[in-house]
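Q:
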Amino acid sequence: MNTVNFLLMRQEILLTSIVLLLIVAEIFVPASRKKSIIHLALFFFAVHTLVGFLPMAEGTQFGGMFRNTSLIHLFKNILNIGVLILLFQSADWLQNKIFSQDRGTEFFVLLFTSLLGMYFMISAGDFLMFYLGLELSTLPIAALAAYETHKLISSEAAVKFILSAALASGVALFGISLLYAVSGSIYFDVVAVNIEQNPLTALALVLFLSGLGFKISLVPFHFWTADVYEGAPICVASYLSVISKGAAAFILMIILFTVLKPLIDIWENIMYVLAVATMTLGNLFALRQQNMKRFLAFSSIAQAGFILLGLITGTQLGAATLVYFVAIYIFSNLAAFGVVQAISQKTGKENMSDYEGLYRTNPNLSLVMMLALFSLAGIPPVAGFFGKFFLFTAAASEGYYLLVFIAVANVTVSLYYYLLVIRAMFLRTHPDAIPYFKNSLYMKIGLIATVLGILSLGLYSPLYEYIHELSSKLL
Amino acid sequence: MDILTLFVALPALTILALIFAKDLRQSRTIAMVGSLIQLGMALNLLFAYFRERAINKEVFVFVKDVVWFESFNIHYSIGVDAISVVLILLTSIVVLAGVFISWKMPELPKEFFISLVVLSAGVYGFFISTDLFTMFVFYELAVIPMYLLIGIWGSGPREYAAMKLTLMLMGASAVLLVGILGIYFNSNADGGALTFNLLQIAEVNIPFEAQKLFFPLTFIGFAVIGALFPFHTWSPDGHASAPTAVSMLHAGVLMKLGGYGVFRVALFLLPEGALHWSWFFIILSAIGVIYGAFAAIKQTDLKYINAYSSVSHLGMVLFALLMLNKTAWNGAILQSLSHGFMTALFFALIGMIYGRTHTRDVTKLGGLLKVIPFISVIYVIAGLASLGLPGFSGFVAEMNIFVGAFQHDNLFYRIATIVSVSAIVVTAVYILRVVGMMLMGPVKNDAYLQLEKATWFERTGILLLLIPIVIIGVAPLWLSNAILDSLTPFLAHLT
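Line by line, the protein sequences give chains A and B.
Here the working numbering is used: position 71 in the first sequence is 71, and no number is missing along the way.
Plus 1000 on top of the position in the second sequence (first one is 1) and you've got the working numbering.
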């Protein structure tokens, strides 16, 4: 091992130094100027995101525990962009609500640590690293969910999250130990060779999937989702629904497609059932939601069901469309959460009925929301359409026409509830509509970035082609 | 930029200009200029097409092909034949007339015209596409603005109507998506590469089992927007609640996407599936024809009468397409055109009558011929065209359809044809009933004596729509020949 090899971990090292720098800054910045830490953290992270786009070698480290491929590198960049947008969107909230209570730096430290955990999780070359990354990414979120300490509901969300997360990790760990028992190794490469179909591996697979199903909030592991989203601060809910879910879906795909590929006969059936249940139940629950956070929670459960359509294939096409869909989903959902955040922090209103007549008073916010919802619903020409179409194409390529049919029926149902929000904003007028307000510069950047993503990711095809090419090396 | 891409690019430019418009005057001027140029381009395309056709015998002319998503073999590929050219012309005329009719849009005018232009861009794009994927993109792009157009500017139960329409049409497009994917993954049946290109797929022998499975999905996916019975229920509610220009565009243009898609995709790519299933869909469309006509008799709301009449007339289009022969297909295309102009004209007139009398209930109206003669006379003319009087476009179209349908000597086809033909009589009943109740007789309400005469922009809009009806009715041969010429490759593929 030499220092050059450490460059494979460039992203991790850089992020760790940012975390350490922020802790030091917290000590030395005087209390009166604490708010400047927000700008500092944003600046650091923006630099980190930019540096992430520098080319990176592929390879493994620590005897195969840590590995880096172009696809993993790309996915880390996607996560970085997501987190950066998220930081821009939450800067106001931090400044007004959190830093005024002198406990803002921890927010960044916890958030970045969680992201660091995700890096390790998706870069894992064995189950130990994977598990460590999973835990490192989960635990800080519990603290983040409880961040609005003056609200009981926030603490409740944190407790619910940590209890469910602990259970899920325990179950996943049991699955991993069974995998170790049958294959004699925890290294992905070795497990992939040694594993064979028998009842014990099937059990291990089911337990492992249950643990990760919790992270992606698949039905029936979704019960925590709505309550936690509702109670947690909006940016934390947003983080959970886009970054955390995206990373978990990605690593699940890598493990299923490379390590557990011999068991495809088992897990494709499981995925089929989970996909149908997740799409359908997520949609049905979303129909009746009034609170925007709960609404987006159930909508994101339904979206997770669509992600499974790429997972079920086990092919390169499935991998490429999944990564592409997740990237688009991150932008779309961040846009939706961003608008909810903007309105909530100015007015404290979070219900769909509060949005009535919003277009007449705040046209730009309404348009961003409309684009985001169209993208989530999959309506051209915004990116979500392409993401969904390609996912369905991937599933159909393996002959899952019935599943695609169920999925498109669900798309139509989901269109109904997305249109409910548009109905409130555009079709209705209300004497007490939320009055016009100006957004801060950071919020504007955060929203415009998502809109650019939503508009360009679909129509501009080279991005998909790039992902397609990278994913060919996966299998 | 090539002659066809301009049809999508110009609406995009119009939208950009509209974003900077400040008030009603600016918005309507921009929209009018944009649609005028569009009409000029469509006329130019018509002549350019005839010139090009004389030297170019390909199925589609003005073709262009740009790779879009390479790994899926998705291309932005475009091209037109006579059928798409005339439908593009129809669209540009109806859009322009729609802009004139919306000259005094009181609420959110900028947004209204933007949505209208987005819709028209989707329609143009749909008609020029020769690639299933781009076709599908444009189809959805054309449908989704309807939600806002009906929901924001509509009347009556507008939220309900907008939601119903959007969900039914989007649900249909979801079914269509499965059909398209099915076609795509069978497009390598002869060992070639997977493709979305219409002409390339047409050369492949898709296995019969797949055709049997995917034909109904594709057919229903398109036919719902063509008001196929029993999936037509979105249409009366949608039309009744929509503002005038939107009803015009919707019935006049958007519903034509159904027949066009059935013809271009379902029948062209899955001919064996079509033969296998045609009996079933012939029954459905014949029911639609007769049911729409009878339902129109019972209605008292002018818009509902016209909406059910559309169900009946467009049922004839689907019926004729399923006859799978040259004469009937020619009739189907002519009927699409004729119905497009006629129904847009009807809705424009209904909008004017409603704008003046504030009611659409025929039992409350009466004697309008005495007070607003221009509007009333045009209404009578449109009515006569609609019931198929010789000299107007409706006659030419229906004549072709039923002559074509009767060419089948099978008893089933004969019965279906006779049933559908009888709808013409019923059409005469409901048209003449409205004319009698609404236009003739004494003026029922004194307030109607002071109704405003038709304004210049209203007259312009009306004449724009009336002229083509007369042209097609009096001199159909050039049009018919051009369409028959374009039908040849499709017929050849069928046998």
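Ideal Cβ placement from N, Cα and C applies to all residues, glycine included.
As the structure is a computational prediction, the values presented were derived from the model and not from experiment.
(1) With DSSP as the reference, please indicate the residues paired to histidine 1075 of chain B in a beta bridge.
(2) I'd like the list of long-range same chain contacts for threonine 225 of chain A, defined as Cβ closer than 7 Å, with 5 residues on each side in sequence excluded.
(3) Mind listing, in chain order, the continuous beta strand (DSSP E) runs of no fewer than 3 residues lying wholly within the region 1226-1270 of chain B?
(4) Taking DSSP as the reference, what is the three-state secondary structure of glycine 125 of chain A?
(5) Within 10 angstroms of the Cβ of glutamine 197 of chain A, are there 16 or more other Cβ atoms? Answer buried if so, exposed if not.
(6) Tell me the rounded alpha-carbon separation between glycine 1079 of chain B and leucine 455 of chain A.
(7) Which residue wins for smallest C-alpha separation from proline 1271 of chain B, given the options B:Gly1259, B:Ile1220, B:Lys1212?
(8) What separation, rounded to the nearest whole angstrom, lies between the Cα atoms of phenylalanine 1395 of chain B and histidine 1339 of chain B?
(9) Give the secondary structure of threonine 60 of chain A by DSSP, where H, G and I count as helix, E and B as strand, and everything else as coil.
(10) Could you check whether the Cβ of alanine 396 of chain A sits closer than 8 Å to any Cβ belonging to chain B?
(11) Quick one: measure Cβ to Cβ for alanine 1328 of chain B and asparagine 1410 of chain B, integer angstroms, because I've assumed they're closer than 8 Å.
(12) Is tyrosine 492 of chain A buried or exposed, if buried means 16 or more other CB atoms sit within 10 Å of its CB?
(13) Using 7 Å as the cut-off, classify the Cβ of aspartate 1409 of chain B as near or not near the heavy atoms of the ligand SAM, replying yes or no.
(14) Using beta carbons (cut-off 8 Å, strictly below), is serine 1376 of chain B in contact with chain A?
(15) State the Cα-Cα distance for the pair leucine 207 of chain A and leucine 179 of chain A, rounded to the nearest angstrom.
(16) Got a sec, what are the start and stop residues for the alpha helix (DSSP H) asparagine 96 of chain A sits in?
(17) Using DSSP with H/G/I as helix, E/B as strand and the rest coil, what is phenylalanine 392 of chain A?
(18) From histidine 48 of chain A to leucine 7 of chain A, what distance separates their C-alpha atoms?
(19) Quick check on DSSP: helix, strand or coil for phenylalanine 285 of chain A?
(20) For chain B, is any of its Cβ atoms less than 8 Å away from the one on glycine 210 of chain A?
(21) Per DSSP, what kind of secondary structure is aspartate 1190 of chain B in: helix, strand or coil?
(22) Taking any Cβ of chain A, which residues in the region 1355-1370 of chain B have a Cβ under 7 Å from it, in chain order?
(23) May I have the straight-line CA-CA distance separating phenylalanine 1113 of chain B from threonine 1460 of chain B, to the nearest angstrom?
(24) I need the DSSP call for asparagine 351 of chain A, collapsed to helix, strand or coil.
(25) Could you list the residues in the region 407-439 of chain A with a C-beta less than 7 Å from some C-beta on chain B, going in chain order?
(26) Applying the criterion that 16 or more other CB atoms from any shown protein chain within 10 Å of the CB defines a buried residue, is threonine 1130 of chain B buried or exposed?
(27) So, using beta-carbon positions, are glycine 384 of chain A and serine 397 of chain A closer together than 8 Å?
(28) Quick one: using the 10 Å Cβ neighbour count with 16 as the cut-off for buried, is glycine 63 of chain A buried or exposed?
(29) Taking the alpha carbon of phenylalanine 43 of chain A as the point to measure from, which residue in A:Leu209, A:Leu371, A:Gln61, A:Leu21 has its own alpha carbon closest?
(30) Since leucine 1094 of chain B contacts arginine 1028 of chain B with CB under 8 Å, what's their CB separation in whole angstroms?
(31) Between the region 1013-1020 of chain B and the region 345-360 of chain A, do at least 3 Cβ pairs fall closer than 8 Å?
(32) So arginine 428 of chain A is in the alpha helix (DSSP H); what residue range does that whole segment cover?
(33) For glycine 1182 of chain B and isoleucine 1415 of chain B, what's the separation of their Cα atoms in angstroms?
(34) Buried or exposed: where does arginine 423 of chain A fall if 16 or more other Cβ atoms within 10 Å of its Cβ makes it buried?
(35) Let me make sure I understand the geometry here. Which of A:Leu252, A:Ser238, A:Ile330, A:Phe331 has the alpha-carbon closest to that of methionine 271 of chain A?
(36) Per the contact definition of three or more C-beta pairs closer than 8 Å, is the region 1195-1202 of chain B in contact with the region 1228-1242 of chain B?
A: Taking the definition as stated:
(1) Under DSSP, histidine 1075 of chain B forms a beta bridge with B:Val1067.
(2) Cβ contact annotation for threonine 225 of chain A (same chain, cutoff 7 Å, sequence separation greater than five): Ser217, Ala297, Ile301, in chain order.
(3) Qualifying beta strand (DSSP E) stretches: none in this window.
(4) Look at glycine 125 of chain A here: in three-state DSSP terms it is coil, with no helix or strand label.
(5) Counting the other Cβ atoms within 10 Å of the Cβ of glutamine 197 of chain A gives fewer than 16, which makes it exposed.
(6) When rounded, the distance between both Cα atoms is 26 Å.
(7) If we check each option's Cα against that of proline 1271 of chain B, B:Lys1212 comes out closest.
(8) Using only the alpha carbons, I get a separation of about 11 Å.
(9) Strand.
(10) Yes, contact with chain B.
(11) Not confirmed; about 14 Å, so no contact.
(12) Nothing in the structure corresponds to residue 492 of chain A, since chain A is present only between 1 and 475.
(13) Although the ligand SAM was asked about, the structure shown includes no ligands whatsoever.
(14) Closer than 8 Å: no.
(15) Taking the straight line from one Cα to the other gives about 10 Å.
(16) That residue, asparagine 96 of chain A, is in no alpha helix (DSSP H); it is neither H nor E in DSSP.
(17) Collapsing the DSSP output to three states places phenylalanine 392 of chain A in a helix.
(18) Distance between the alpha carbons of histidine 48 of chain A and leucine 7 of chain A: 14 Å.
(19) Residue state, collapsed to three classes: helix.
(20) Checking the sequence shown, residue 210 of chain A turns out to be serine, not glycine. Residue contact check for serine 210 of chain A against chain B: no CB pair falls below 8 Å.
(21) Aspartate 1190 of chain B carries a coil assignment under DSSP once its states are collapsed to helix, strand and coil.
(22) Correct list: empty, as no residue qualifies.
(23) Their backbone Cα atoms lie some 18 Å apart in a straight line.
(24) Looking at asparagine 351 of chain A - three-state DSSP - the assignment turns out to be strand.
(25) So the list reads Val408, Ala409, Val411, Thr412, Leu415, Tyr416, Leu419, Arg423, Phe426, Leu427, given in the order they occur along the chain.
(26) So threonine 1130 of chain B ends up on the buried side.
(27) The Cβ atoms of glycine 384 of chain A and serine 397 of chain A lie no closer than 8 Å to each other.
(28) Glycine 63 of chain A comes out exposed.
(29) With distances taken between CA atoms, phenylalanine 43 of chain A lies nearest to A:Leu21 out of A:Leu209, A:Leu371, A:Gln61, A:Leu21.
(30) One detail in the question is off: residue 1094 of chain B reads as valine in this sequence, not leucine. Contact doesn't hold; Cβ gap of about 17 Å is too wide.
(31) When Cβ pairs closer than 8 Å are counted between the two stretches, the region 1013-1020 of chain B is seen not to touch the region 345-360 of chain A, the count staying below three.
(32) First-last for arginine 428 of chain A: undefined, no H or E at that position.
(33) C-alpha separation (whole angstroms): 34 Å.
(34) Under the 10 Å beta carbon count, arginine 423 of chain A is surrounded by 16 or more other beta carbons and is classified as buried.
(35) The option with the nearest alpha carbon to methionine 271 of chain A is A:Leu252.
(36) The region 1228-1242 of chain B and the region 1195-1202 of chain B do not touch, with fewer than 3 CB-CB distances between them shorter than 8 Å.
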